[in-house]
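Everything in the sequence shown is counted per my numbering, starting at 2 for the first residue and increasing by one. Before any comments, here is the structure.
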Amino acid sequence: MLQLHTSCRPAWLICSLLGLSVVHTQAQNVLTAPEQVSLSPNMTTQQIFISWLGGGSTMFDVMILRTELNESVFFDTLPVTVNQSTGRYEWNWTSAEPLECTSLSVQIRSREGQTTSEWSDTHILQGEDLPTNRKFKMYPVDRAVLAGDSTTFCCIVEEGRHFGRVTYGNTVVNATRLSRRSYGFTVANQSPPNSSSSGTNVVCWDSVDKNKLSGTVVFVGYPPLLSDFFCETHDLTSAVCQGRRVRDTRLYGRKRRTVYSLNDRECAKQTISEQLITCSVAQWEGNWTLKAVNPLGQYSMSDSAEIWHRVRPVAPQNISTVVHAWNATMSWKWEYDSYTSLALVCQVELSSQDNKTKRTFTGVGLRTVILLDLYPDEEYSVRVHCGAQKNFWKWGNWSKPYSFRTNIDVPAALDVWMHINNDNTGLILWKPLTARESRGQLTSYEVTLWSPEENLQHTETLPPDTTMLPINLTQITAFSNDNEVMASVIAKNAAGGSPPESVPVPLHLTDQHNIAVSRVVYMDSGFPLVWQNDGNTSCGYVVEWHDACCQRDCPVEWLKLSTGNTNVSIESANFQPGVRYNISLFTCTLELLQRWQGFTQELVPSRSVPKLEISQQDSDVILTWGSIPLVSRRGYVLGYNVYMSNDSQLVKLANLLGQGSRKHTIKGLSEGPYKFTVKAYTSAGEDTGATISITVETLADWLILEILASLGLSMLLLAIVTVLCYKKRKWVKTAFYPDIPQPKLNDDWTRTQGPLDVTSSPHNMIHVEEKPEFNSMKEVLVGIPEEDEEEEEQMIRDEPVDTDEPTSLRYYNQMIDERPIRPRFPDSSDSSGSSLDSGNTDVTYTGIQTSASSLVFPTDHQCASEGHQVEMSMGGDGYRPQTQTTASSDEALLTHSPHEPQTASSGGYKPQSSWHLDSPVESGERECLAPNLGSPTSVASTQFLLPDDESEEHREEKHQQSSSATSWFTNLLTSTKP
C-alpha cells in the first residue's frame, strides 16, 4: 500500500501544474473590443476608410448596416494588419451604392478562432437622406463610367413626396427601397450612347407632380489608348513628337477630356487632330515618353533616336517655272537655311489630263530641277516634297500645287488611208489628232493630189473638224493621164504644218468580190486575224474595218502594221454588239489580200421576217416569207422555226436550217382556222416572230372554182378558134368546102332568040298504069308544092346569097299509100300538105340553061298565070320523069280521072324538079323570063333517105333549124368569094 501511494505522487503533481498553466494562459488571451473606430469616406470612389485601435487579434468581424432600416449591407471576417507607423488597424470597404444614398452603421469585433470580443461602439456615416435634407437628390452626380461596367444609382425623394419611377435614358428601371426616402437601382453592362451626345440622362420622377424630379448624367467611355509614337526634327534642332489615338474615349468636356504630357511636361505646343496627337519641344532630347490621362485611366508610350536619323524636311515654298514646248525648269525655296548643306532627295509629281507621274531628283540643298519630255500646249500641275538623302527617315510634306502650260509646236504627222467605194469613188481619210498630237489649236488641213511623173498637183484646204475628202477616181484618171497619183495630207496650227503623210490613189481597181469572205469569231481581246506573209509587200499591211451595212462613205477604221506581221487582234471602242463588220487586209499600196466578216456579239434579229404570205393548195398550206434585211439580222441567221398557235401556245412544226430556206408546206390540214408563226433565229436566239392566219376551206369550193376556171378557159379557147377560123376562112373553105366544077355539056344548051313553041308536049299526058300489086312501103319522090317553093325562094332572096352559087333543092322521102292523089290546084291551101310529110335532104344544083327544043316558054297570057308544072312519067318500075304544068281547073279535072290512080303512085324512084330563077329580079320581069333548071351535082349526106315517123310540126321545126344552120355555114364559107 505504501509503495502504491508513493508511486502516485508525481502524477498528481504533473496534473496540478498543467491546470495552473491553462488558467494562466486563458487569463492572458482574453479578447477586447476595438476602440477609437474612425470612418473616412471617399464619395468619388464610394470607399470608406475604417481604422481602429485594440482588439488583440489579427482577425476581425466587420458588420455594416443601413442605419434607418437596420439592414445588413456587409458582414465578413477579415484579416487586418496593424499600420506600424500609426499602430492602428486599417481597412477599406467599397460600397456598391453611392455613400450619399443612406446612413451606414459600422461595428467591429475581434475574433480568435471561435472566440470573439464584444462589438465596438456603433459608428454611423451620415447619408443625404436625413430629415434635415428635404430636397430631391440623385447620386452619383455626373460620373464617368467605364464601358461594360455596372453602376448603382439612388434617388432621394423630397420630404413629404412619394417616389414614382426612375428612367435610364428612355428605359424605365426597377428600384429598391434603401431607406424611408431613398431608392436605389443598378444598370449593368453600360455602353456609350449611340447619339452624338456625351452622356446618358438618369431621372427620378415624383409619383404625383410630374414637374418634381431629380436627375444626373452618366458618362460611359474608355480610357485613352495610343500607338505609333515617334519623334522627328524639321529644322535640325527642335523635336516634334506624334502619337496616334487608337480609339475615341467618348468622354467630352473639360473635366473628362484626355490630358497629354511629354516627359511629364504638359505639351506646350499641342495639336490634336481627329486621330493624331502632336507635341513639340524646342530642343532635341533623344528620349521621350508620351502619357495620356482621363477619368477612366491613363496610357503612356516611349521613343528614342538620334537627331540625324529623324530628319524630315518641311514643304518647299515659292515654286516657279520657266516653260518651253517640250520641257520646263522648276525652282523653289526652303524655309530653313540649314537645308543648304543638307543632302536632299526630292520627288516631283507631274499631273496632266488625268495622267500622274513622279520624277526623283537629288542634290545638296536641292532647289531647282528640269522637267523633260513634256508635251507641247498642255496644262501641267506640279508639286514637290523632299527627304534626307542620308539616313532617310520619311518624305516631307508636299508643297502647294503649281500649274503651268507648255508652248505650242507643229502638229504630228497624220495617219492617212484611202477607202474605195463600189462606184469608182473613194475617200481620203485621216485620223483626227489628239490634243497632244495637235500640239496647239489646229487651224486647217491641206490635202494635195500630185503626180510623181508629172509636174501637176491640186491642193484643197479643209476646216480643222474635217477627217475625210471624197474623190472621183474617173476624174483623177483624166487629170493625171492615167499616171500614178499620190494624196498627201498635212495639219496646220499657229506654229506651222505637220510632216506630210501620203497614200497612193488607185486608178485601176480590182474586183473585191473575187476575194472570198471568211467568218471570224470575236474573242476577249478582239477579232483574231491571221494571214500568210506576202513576200511582195515591202511597206507593211493595213487592216480596215467598217459596218457591213454601210455601202458608201462609211465611217472606216484602220490599223497599220509593219512588214513581217502575220496576225493581229482588232479591238475598237466603237464596236457595237449585233453589228456585222467587214474586215479587209490590204498592202500599203491598196492591194486587197483577204476579207473577213464577224460580230462582236450576236443578238436576236431586231425585226421579224418580212412579206409573210400564206396560200392553200388542196388540204395543204404553203408559207413563204422574205429575207430579213442585213441591218436587222444582228447575227448570222441559222434558220427559221415554224410554229402553229394552239390554245395560246406555240407548237413547233419545223426547223428550217439555212438562211435561204424561206418556204414551208404544212400538209393534210382539216377545215378550220389556223394561225402560224415564223421566227428567224441566230446563235443568240429567236426574233419576236411574224404571225399570219388562214381559214382552210372545203374542197368543193375549190372544185367549183376549178370548173369555172375550166369553162372560162374553154370559152376563151373557142373564141380563139373562132377568130382563127374567121381569119383563115379561105383556107377552111378550100379544105372543107371546095368549089364544085360545073358540068361539061356536049350539046349546045344555050338558048337562042326565037318564037316560043307552044306546041303541047307529047308527054304532057299522064300515063296511068294499073298495077294490082302495090307496095305501100315503097318510097317515092313527090314534087314540092309551088307554095312551099315560093316561100323558100322568098327566104333565099332575103339572104345575101350570090346568084351564081348553087341552089339547095330538097328531096322528100314520102311513104306512098294507096289513096288516090288529089288534084293539085295552085290556089289550094293544102296543095302541098302531102309533100311536107317527108324528111328533107339538101342537094346542091348548078344552074343549067334549058334548050329551046326541050322547053316551052309561056305566052303572055300564060305569064300572067300562077305557073307551069311539068310531069314526066314512065311506065313500069323504071324511071318516070314527069313535068307539071299549070293548067286551068277544068284541064286538071280532065287530065286526072278521079277513078284512076295517079301514075306517080307506081313503084320505083321518081325524081322531080322545080324551076326557079338563078337570081332575083323584078316581079314583072321574072314572070316573063325562061327559068333555069337546077341540076343535082352533090349531096351533103351519103346516108340513105329513111322514112321519118315524126309529126308534121316537129318535121317542120327541124326543117327550119337545119335550113338556118346550113344557110349560116354556107354564108360563112361563101362570104370569102369575091
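From the three backbone atoms N, C-alpha and C, an ideal C-beta is built for every residue, glycine too.
Practice item. With a floor of 3 residues, list each beta strand (DSSP E) that falls wholly inside the stretch 425 to 470, ordered by position along the chain. Key: Counting only runs of 3 or more, we get 426 to 431, 443 to 452, 457 to 463.
Exercise for review: Report all residues from its chain with a CB closer than 6 Å to the CB of V81; omit the five preceding and five following residues, and keep chain order.
Suggested key: Excluding residues within five positions, the ones whose Cβ falls inside 6 Å are F61, Y90, W92.
Point to revise | Which residues DSSP lists as bridging H547, in chain order | key: Per DSSP, N583.
Exercise for review: Can you grab the Cα-Cα spacing for the pair F76 / V107, in whole Å?
Suggested key: Between the alpha carbons of F76 and V107 lies a distance of about 10 Å.
**Study point:** Nearest to K401 (by Cα), restricted to the options W394, V411, V383, A389
**Key:** The shortest Cα separation from K401 among W394, V411, V383, A389 belongs to V383.
**Study point:** A720, DSSP secondary structure in three states
**Key:** In the structure shown, the three-state DSSP call for A720 is helix.
Review point. Thinking C-beta only, is T590 closer than 8 Å to P505?
Key: Here P505 is near T590, since their CB atoms are less than 8 Å apart.
Exercise for review: Identify whether I708 lies in helix, strand or coil by the three-state DSSP scheme.
Suggested key: Looking at I708 - three-state DSSP - the assignment turns out to be helix.
**Study point:** V632, enclosing alpha helix (DSSP H) - first and last residue
**Key:** In the DSSP annotation of this structure, the continuous segment of the alpha helix (DSSP H) that includes V632 starts and ends at 631 to 634.
Review point. In or out: D374 buried (at least 16 other Cβ within 10 Å) or exposed?
Key: Counting other Cβ atoms within 10 Å of its Cβ, D374 stays below 16 and is therefore classed as exposed.
Check your understanding: What does M60 pair with, by DSSP beta-bridge criteria?
Key -> Answer by DSSP bridge pairing, in chain order: P80, R112.
Check your understanding: Once you ignore the five residues that flank L430 on each side, which residues in its own chain have a CB closer than 8 Å to its CB?
Key -> Hits under 8 Å: V417, W418, M419, H420, T468, M469, V557, W559.
Check your understanding: Can you list, in chain order, the residues of its chain whose CB lies under 7 Å from that of N642, leaving out five sequence neighbours each side?
Key -> So the qualifying residues of the chain are K653, N656, K680, Y682, E687.
Review point. Which residue's Cα is closest to the Cα of V324: L277, W289, E380?
Key: Nearest option by C-alpha distance: E380.
Point to revise | Segment contact flag, the stretch 663 to 673 with the stretch 577 to 586, C-beta cutoff 8 Å, min 3 pairs | key: Contact fails: fewer than three Cβ-Cβ distances are below 8 Å.
**Study point:** For S183, the residue or residues it bridges with in DSSP
**Key:** According to DSSP, which records beta bridges pairwise, S183 is partnered with I157.
Check your understanding: On the three-state DSSP scale, how would you describe W120?
Key -> DSSP, read as helix, strand or coil, puts W120 in coil.
Review point. In this structure, does DSSP put E592 in helix, strand or coil?
Key: E592: coil per DSSP, three-state reduction.
Check your understanding: Among the residues of its own chain, which have a CB less than 6 Å from the CB of Q595, if the five just before and after it don't count?
Key -> Here the set comprises W532, L586.
Review point. What residues in its chain sit with their C-beta under 6 Å from that of L725, if we drop five residues either side in the sequence?
Key: Answer for L725: no residue qualifies.
Practice item. Quick one: give me the first and last residue of the alpha helix (DSSP H) that F737 is part of. Key: 730 to 737 is the span of the alpha helix (DSSP H), which, as asked, contains F737.
Review point. With distances taken between CB atoms, is the gap from V260 to V294 smaller than 8 Å?
Key: Yes.
Point to revise | beta strand (DSSP E) runs wholly inside the stretch 354 to 439, at least 3 long, in chain order | key: Those beta strand (DSSP E) runs which fall completely within the stretch 354 to 439 and span 3+ residues are 356 to 365, 369 to 372, 380 to 389, 403 to 406, 417 to 421, 426 to 431.
Review point. If you compare alpha carbons, which of P433, C555, S339 is closest to E545?
Key: Selection P433, C555, S339 evaluated against E545 yields C555 as nearest (Cα-Cα).
Check your understanding: Ends of the beta strand (DSSP E) at F220?
Key -> Note, F220: beta strand (DSSP E), 214 to 222.
Point to revise | Contact set for D621: own chain, Cβ-Cβ below 6 Å, skip 5 residues either direction | key: Taken in chain order, the residues that qualify are T666, K668.
Review point. For S715, which of helix, strand or coil comes out of DSSP?
Key: Helix at S715.
Exercise for review: Would you grab the beta carbon distance between P611 and I629 for me? Rounded to a whole angstrom, and I think it's under 8 Å.
Suggested key: Distance from P611 to I629 at the Cβ level is roughly 7 Å; contact confirmed, criterion being Cβ atoms closer than 8 Å.
Practice item. Give the secondary structure of Q85 by DSSP, where H, G and I count as helix, E and B as strand, and everything else as coil. Key: In this structure, DSSP gives Q85 a state outside helix and strand, which the three-state scheme calls coil.
Exercise for review: Flag E485 as yes if its beta-carbon sits less than 8 Å from any beta-carbon of chain B, otherwise no.
Suggested key: In the displayed structure, chain B is absent; only one protein chain is listed.
Practice item. Counting only the same chain and skipping the five closest in sequence on each side, list residues whose C-beta sits under 6 Å from that of Q276. Key: The residues R245, R246, in chain order, have a CB closer than 6 Å to that of Q276 in the same chain once the five nearest residues on each side in sequence are set aside.
Review point. Do you know whose CA, among I491, R440, A414, A436, lies nearest T449's CA?
Key: Minimum Cα distance to T449 is reached at I491.
Exercise for review: Could you tell me the distance, in whole angstroms, from the CA atom of L706 to the CA atom of T689?
Suggested key: If you draw a straight line from the Cα of L706 to the Cα of T689, it is about 37 Å long.
Check your understanding: DSSP puts K561 in a beta bridge; with which residues?
Key -> Residue pairing of K561 in beta bridges, as defined by DSSP: V543.
Review point. Helix, strand or coil for A691 per DSSP?
Key: Three-state DSSP puts A691 in a strand.
Practice item. Express the C-alpha separation of F186 and H124 in angstroms, rounding to a whole number. Key: Those two C-alpha atoms are separated by around 26 Å.
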